[in-house]
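Enquirer:
Protein chains: 2
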Amino acid sequence: MDSALKGSIYTILFFFTSELLYKLYRKVKDSRHVKSESESNMYSRKQETTSNCSSLKVLFFPDSKIACRDHFITGNGCYKDICAYSHSDTALSELYKHMLACKSTLDVCVFVVTCKDLADVLARLFRRGVKVRIITDKEQLQASGSQIWTLMKDGIPVRTNDSSYLMHHKFALIDGKVLINGSFNWTRQAITGNQENLIITDDSSVTQLFMREFQKLWEQYDPKNIVAGFLPKP
Amino acid sequence: MDSALKGSIYTILFFFTSELLYKLYRKVKDSRHVKSESESNMYSRKQETTSNCSSLKVLFFPDSKIACRDHFITGNGCYKDICAYSHSDTALSELYKHMLACKSTLDVCVFVVTCKDLADVLARLFRRGVKVRIITDKEQLQASGSQIWTLMKDGIPVRTNDSSYLMHHKFALIDGKVLINGSFNWTRQAITGNQENLIITDDSSVTQLFMREFQKLWEQYDPKNIVAGFLPKP
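Protein chains in written order, with full-length UniProt numbering: chain A, 1 to 234; chain B, 1 to 234.
#1: Once the 5 residues before and after Ser-64/B are set aside, which same chain residues still bring their CB inside 8 angstroms of it?
#2: Who are the Cβ neighbours of Leu-141/A in its own chain at under 7 angstroms, not counting the five residues just before and after it?
#3: In the DSSP assignment, what are the bridge partners of Phe-60/B?
#4: Tell me the rounded alpha-carbon separation between Ser-55/B and Lys-224/B.
#5: Considering only the beta carbon of each residue, do His-168/A and Asp-137/A sit closer than 9 angstroms?
#6: Mapping the DSSP letters down to three states, classify Phe-15/B as helix, strand or coil.
#7: Give me the subset of the region 204-215 of chain B whose CB atoms are less than 8 angstroms from a CB atom of chain A, sorted by chain position.
#8: Is the beta carbon of Leu-173/A less than 9 angstroms from the beta carbon of Asp-120/A?
#9: What first and last residue would you give for the beta strand (DSSP E) that runs through Ala-172/B?
#10: Assign Asp-162/B to one of three DSSP states: helix, strand, or coil.
#11: Consider the Cβ of Ala-190/A: report whether some Cβ of chain B lies at a distance smaller than 9 angstroms.
#12: What residues from the region 163-193 of chain A come within 9 angstroms of chain B, judged by C-beta to C-beta, listed N to C?
#13: Could you give the residue range of the beta strand (DSSP E) that holds Leu-106/B?
#14: From which residue to which residue does the beta strand (DSSP E) around Leu-122/A run?
#15: I'd like the list of long-range same chain contacts for Trp-218/B, defined as Cβ closer than 7 angstroms, with 5 residues on each side in sequence excluded.
#16: Looking at the strands, I want to know which residues DSSP matches up with Thr-136/B.
#17: Buried or exposed: residue 245/A, going by 16 or more other Cβ atoms within 10 Å of its Cβ?
#18: Determine, for Asp-222/B, whether the minimum Cβ-Cβ distance to residues of chain A falls below 9 angstroms.
#19: Bridge partners of Gly-145/B, per DSSP?
#20: Consider the Cβ of Glu-196/A: report whether some Cβ of chain B lies at a distance smaller than 9 angstroms.
#21: Would you say Tyr-10/A reaches chain B, if we count a Cβ-Cβ gap shorter than 9 angstroms as a contact?
#22: Is the Cβ of Lys-6/B closer than 9 angstroms to any Cβ of chain A?
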């Protein structure tokens with residue numbers, strides 16, 4: 001009976017020890033598994049955010065000061081001791097940021113373009129190899145300080161409407177993926193004077209519709225499709 | 001030795017049986033846990049979808065015809081044998097639909113309002129008890145066919161900017177929840193003539209910013225806050 005008891009005790013000890021070792025092994029294994037699972041969830045959540053949830057940004061004007069060109073655009077920085085322009089983020093500097101991020105195409109469909117700073121960004125991107133296209137209002141070509149003639153001289157293709165009604169859109173499409181749209185015309189007055197807004201979105205269901213609208217108007221305003229081509233050569 | 005072996009066998013059998021029973025118990029418990037966990041994940045995903053994903057709608061103008069008032073607005077239907085207006089959905093009829101769905105507040109912040117059809121919708125909603133407020137551009141009060149005077153006579157509160165710069169926004173907020181914003185002024189020319197767009201969104205991160213902008217301007221343009229009240233009584 002003593003040896004039966006001894007046998008039982010050894011067996012119990014053996015089971016407990018093996019059970020303990022097995023549980024320790026599981027614990028280490030599970031913690032590694034949980035870690036890798038949580039990393040993979042984070043990745044898929046990130047992916048969801050990118051694909052399903054679009055980012056919407058809102059800019060309100062007027063800015064109190066024009067954003068400093070050297071500071072925000074040239075990339076060389078501003079070396080002035082006292083600079084009259086803003087080195088803090090403004091609605092315009094945010095707009096610059098989105099435009100300067102452009103890699104391949106920039107489609108601008110804006111009623112009036114008289115702001116030299118914004119026109120310079122277009123010219124800069126064009127020189128960088130970005131395919132810039134502009135649709136604007138025919139009458140506004142004659143607006144004081146219109147930048148369209150200079151941009152055409154630079155080689156940027158421009159088309160305008162052919163009726164007395166207004167080509168009144170004010171949107172731009174960055175790489176066909178980011179839409180900038182609102183009440184904002186590309187004028188100095190719109191930057192530091194008027195009450196204006198821009199919504200910036202990468203929601204593809206919206207950008208695709210604006211891309212289609214741009215393409216429709218681009219073809220409609222092709223001088224070949226207009227009986228009398230009205231856009232003089234620069 | 002025989003009895004020691006016997007004791008060990010009994011103990012082993014006891015352990016295996018208890019281990020088997022425990023594993024069966026865990027299996028049943030885990031399957032219930034997994035089920036309830038997956039239901040809870042579905043719920044939280046649903047919640048995420050509701051809170052993060054907004055609906056965005058785009059309207060492009062011009063419409064080929066003005067939407068029929070009787071057909072789309074009055075609710076009485078159009079009884080004309082031959083109606084010159086559109087009974088098919090147009091961008092304007094879609095705009096009507098969103099405006100007429102308004103229950104409590106309608107905040108309009110639009111540069112120019114000369115379209116009688118759109119002004120009538122505002123008056124109709126105001127009579128229905130909707131709290132309508134309008135911010136518009138001071139100079140545009142003098143625009144030919146401005147509807148602002150009539151709306152003020154109806155009792156709708158109106159405020160305007162107090163500078164030579166433009167109050168150039170073109171947005172409306174339905175019940176503080178749906179934003180209608182774009183290049184579109186509330187004119188007949190914008191409906192059937194110009195190239196225009198409107199984006200309609202219920203993204204709360206955006207509507208809240210526009211609500212704040214409206215409230216800011218509403219207070220800024222309060223005649224009490226302007227040295228010389230410039231808005232004449234109707």
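Cβ atoms here follow ideal geometry from the backbone N, Cα and C, with glycine treated the same way.
Just so you know, these numbers come straight off a predicted model, no measurement behind them.
Expert: Taking the coordinates as given:
#1: In the second sequence, residue 64/B corresponds to position 64, counting from 1. Correct list, in chain order: Ser-86, Thr-90 and Thr-192.
#2: Translated into the one-based positions of the first sequence, residue 141/A becomes position 141. The answer, listed in chain order, is Ile-148 and Thr-160.
#3: For the purposes of this step, residue 60/B is taken as residue 60 along the second sequence, with counting starting at 1. BP columns for Phe-60/B point to Asn-197/B.
#4: As a working note, residue 55/B is residue 55 in the second sequence. As a working note, residue 224/B is residue 224 in the second sequence. Using only the alpha carbons, I get a separation of about 39 angstroms.
#5: Sequence index remark: in the first sequence, residue 168/A carries index 168 (1-based). Sequence index remark: in the first sequence, residue 137/A carries index 137 (1-based). Their beta carbons are under 9 angstroms apart, which means His-168/A touches Asp-137/A by this criterion.
#6: As a position in the second sequence, residue 15/B is number 15, starting the count at 1. The answer is helix: DSSP assigns Phe-15/B an H, G or I state.
#7: Ser-205, Val-206, Leu-209, Phe-210 and Glu-213
#8: As a working mapping, residue 173/A is identified with position 173 in the first sequence. As a working mapping, residue 120/A is identified with position 120 in the first sequence. Cβ distance not < 9 angstroms, so Leu-173/A and Asp-120/A don't count as in contact.
#9: On the second sequence, position 172 is the one that residue 172/B refers to. Counting along the chain, the beta strand (DSSP E) containing Ala-172/B begins and ends at 170-174.
#10: In the second sequence, residue 162/B corresponds to position 162, counting from 1. In this structure, Asp-162/B counts as coil in the three-state DSSP scheme.
#11: Numbered from 1 along the first sequence, position 190 holds the residue referred to as residue 190/A. Judged by the 9 angstroms Cβ criterion, Ala-190/A is in contact with chain B.
#12: Ser-163, Ser-164, Tyr-165, Leu-166, Met-167, His-168, His-169, Lys-170, Phe-171, Leu-179, Asn-181, Gly-182, Ser-183, Phe-184, Asn-185, Gln-189, Ala-190, Thr-192 and Gly-193
#13: Locating residue 106/B in the second sequence gives position 106, counting from the first residue. Here the beta strand (DSSP E) through Leu-106/B covers 105-110.
#14: In the first sequence, counting from the first residue as 1, residue 122/A sits at position 122. Leu-122/A -> not in any beta strand (DSSP E); alpha helix (DSSP H) instead, spanning 116-127.
#15: Along the second sequence, read from residue 1 onward, the residue named residue 218/B stands at position 218. Cβ neighbours of Trp-218/B beyond the five flanking positions: Arg-133, Ile-135 and Arg-159.
#16: Sequence index remark: in the second sequence, residue 136/B carries index 136 (1-based). According to DSSP, Thr-136/B bridges with Thr-160/B.
#17: Only positions 1 to 234 of chain A appear in this structure, which leaves residue 245/A out of reach.
#18: Counting from 1 along the second sequence, the entry for residue 222/B is found at position 222. Judged by the 9 angstroms Cβ criterion, Asp-222/B is not in contact with chain A.
#19: For the purposes of this step, residue 145/B is taken as residue 145 along the second sequence, with counting starting at 1. For Gly-145/B, which the question treats as bridged, DSSP gives no partner whatsoever.
#20: Mapped onto the first sequence, residue 196/A falls at position 196. Closer than 9 angstroms: yes.
#21: Translated into the one-based positions of the first sequence, residue 10/A becomes position 10. For Tyr-10/A, the answer is yes, since a Cβ of chain B falls inside 9 angstroms of its Cβ.
#22: For this step, residue 6/B is matched to residue 6 along the second sequence. Yes, Lys-6/B lies at the interface with chain A (some Cβ there is under 9 angstroms from its Cβ).
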